[in-house]
Amino acid sequence: MRKAFFPFSMMKEVPMHCFYEKGLAFTCVPGCNYCCSCEPGYVFLSQEDLQRLCAYTSMDEDRFIYTYCRLVDMGSFSMVSLLEKENYDCIFLTKQGCSVYHARPRQCRTYPFWRSVMENEESWEAEKASCPGIGQGKVYSKEEIDEILRLQTGQEPIIRV
-8 MRKAFFPFSM MKEVPMHCFY EKGLAFTCVP GCNYCCSCEP GYVFLSQEDL
42 QRLCAYTSMD EDRFIYTYCR LVDMGSFSMV SLLEKENYDC IFLTKQGCSV
92 YHARPRQCRT YPFWRSVMEN EESWEAEKAS CPGIGQGKVY SKEEIDEILR
142 LQTGQEPIIR V
C-alpha cells in the first residue's frame, strides 16, 4: 500500500535487535502490481530518481515534472510525487507492468524493505496482508535487508518551498 509509507531517511531508524535476524522472503509476483495500484498514494522522487527517469524518457526535468508529477503540500513545503491515474494506478503502470521499470524510483526499487515496513514485525505482517509476494521466493539475509535500508539514506525527496 503506497499511501501509508515514507521510505526515505526521514523515517525512524530500524531497531538494533530486529525481527529479521534470520532473513525475510520476498518476490515480486508477476502481474500483481498491487503496490502500484488500488489506492491513492505517493511515490516521492529524489533528485537521483528524477535524473534517471528523465534520461530514460528523454525529457528535461521541467517537462518531466509537468507531465508526470504533482506537488504534494506538506504544510510549509511541497514534495514532488508521481501522478496517479483516475483509478489510482501509478502513471507508469500499463497492462504489461511498469513502463519505466529499469529507471523506476528508489521507493519502488526498495519495496517492501522500507523503514516504515521494517520498523517492527507487526508492520511487516500488516504489509504481508496486502502483498502476496511477502513470505514467498528469495530469502533476503539481514545483511541484504540492511543494505537496502542504507540505500534509502541520503535519498531525500525533492522539496519545493
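Note that the numbering used here has the sequence shown beginning at -8, numbered continuously upward.
Glycine included, C-beta positions come from ideal geometry on N, C-alpha and C.
None of the values given here were measured: they were computed from a predicted structure.
Which of the three DSSP states is assigned to residue i in this structure?
i	result
Thr101	coil
Cys122	coil
Gly129	In the sequence on display, residue 129 carries Lys and not Gly. Lys129 falls in the strand class under three-state DSSP.
Phe53	Note on identity: in this sequence residue 53 is Asp, with Phe being the wrong assignment. DSSP places Asp53 in helix when its eight states are reduced to three.
Met1	Interpretation of Met1 is limited by its pLDDT of 46, a score under 50 that renders its predicted location unreliable; no figure is taken from the coordinates.
Glu135	helix
Leu74	coil
Thr144	coil
Mark residue i as exposed unless 16 or more other C-beta atoms lie within 10 angstroms of its C-beta, in which case mark it buried.
i	result
Tyr92	exposed
Asp162	The question about residue 162 has no answer here: the residues shown for the chain are numbered -8 through 152.
Arg(-7)	In this predicted model, Arg(-7) has a pLDDT of only 45, less than 50, meaning its place in the structure is not dependable; the value taken from the coordinates is given anyway. Buried, because 16 or more other Cβ atoms sit within 10 Å of the Cβ of Arg(-7).
Arg97	buried
Glu134	exposed
Val130	exposed
>> Quick test of the definition: if touching needs 3 or more C-beta pairs under 8 Å, does the segment 28 to 43 touch the segment 73 to 89?
In response: yes
>> If contact is defined by three or more beta carbon pairs under 8 Å, each pair taking one atom from either stretch, is the segment 141 to 151 in contact with the segment 23 to 32?
In response: no
> Touching or not, the segment 49 to 68 and the segment 121 to 135, by the rule of three or more beta carbon pairs under 8 Å?
Replying inline: In this structure the segment 49 to 68 does not lie against the segment 121 to 135, because fewer than three pairs of beta carbons, one per stretch, are closer than 8 Å.
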